[in-house]
Structures are given as C-alpha cells and as structure tokens.
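In our numbering, the protein residues as written are 87 to 201.
A short worksheet on the structure shown next.
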C-alpha cells in the first residue's frame, strides 16, 4: 500500500468533510397549490391553524425542510354558499419557490348555494 503524504491526507480529509456537509444539509423544498372555486371569491382557510390564505383564485406556496408530502385540510367559505372542506397531499418537490408557483397543484371546489 503506497504511503500518503501529510498534505495529501489533510486534503482528502477536507474533501470528505465538505462532501459530508453537502449531503447532510437539508435544502428547502417548495410546493404550491392553486385554489379555485365556482363561484370565485371564496375565502380559503387552513384548518390546521385557522390561517386565512386569501380569496379564490389564489396560489399558495409552502416551504419544507424535509421535502416530505404534507396532508393539508382547508375550508372554503363564501356568503350565500355552504362551506366546503377539502383535504389533499401537498408535494414539496421543487427546489425553488418560483418553480413551485409555475406548476401549482390544482384544487377546484364547486360551492353549493344555500337554500
């Protein structure tokens, strides 16, 4: 087995450390959903924390450090219509917010008029 110089061993150790840091760090992943309703103008509420995303049509972006799918449940409300609850798996597979927003998952809900 050939002998390695000290400087070569130090260089190899540094390369291995850098590679270890790059593979050990979790990079942020993004996913986006385009909420749409008929009729438009429904309020979209995340039932996990009661946060209001806005009114349809709207694109909402999520950020994840793990890249794992997330189960999301939202409620859509509009005056004069019955509330609708829908659940879906959100995929956070994009490496940037922009690419996620360019390819949002579609969620379409038809609201029924109150009688």
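Note that CB positions come from ideal geometry on N, CA and C, so glycine has one too.
Between the beta-carbon of residue 120 and that of residue 181 there is about 19 Å, and that puts the pair past the 8 Å contact cut. Beta-bridge partners of residue 150 (DSSP): 115. Sixteen is the threshold: when 16 or more other Cβ atoms of the shown chains lie within 10 Å of the Cβ of residue 117, as they do, the residue is buried.
Bridge pairing for residue 166: absent [DSSP]. Residue 195 is positioned such that its CB atom lies no closer than 7 Å to that of residue 161.
No Cβ-Cβ contact shorter than 7 Å links residue 192 with residue 145. Between the C-alpha atoms of residue 137 and residue 157 there is a straight-line separation of about 16 Å. Between residue 159 and residue 134 a beta carbon distance of about 7 Å is seen, short of the 8 Å cut, so the two are scored as contacting. Secondary structure note for residue 129: its beta strand (DSSP E) is the uninterrupted segment 129-132. Taking 7 Å as the cut-off, the beta carbon of residue 186 is found no closer than this to the beta carbon of residue 142.
Bounds of the beta strand (DSSP E) holding residue 137 are 137-141. A residue is called buried once 16 or more other Cβ atoms fall within 10 Å of its Cβ, and residue 151, having fewer, is exposed.
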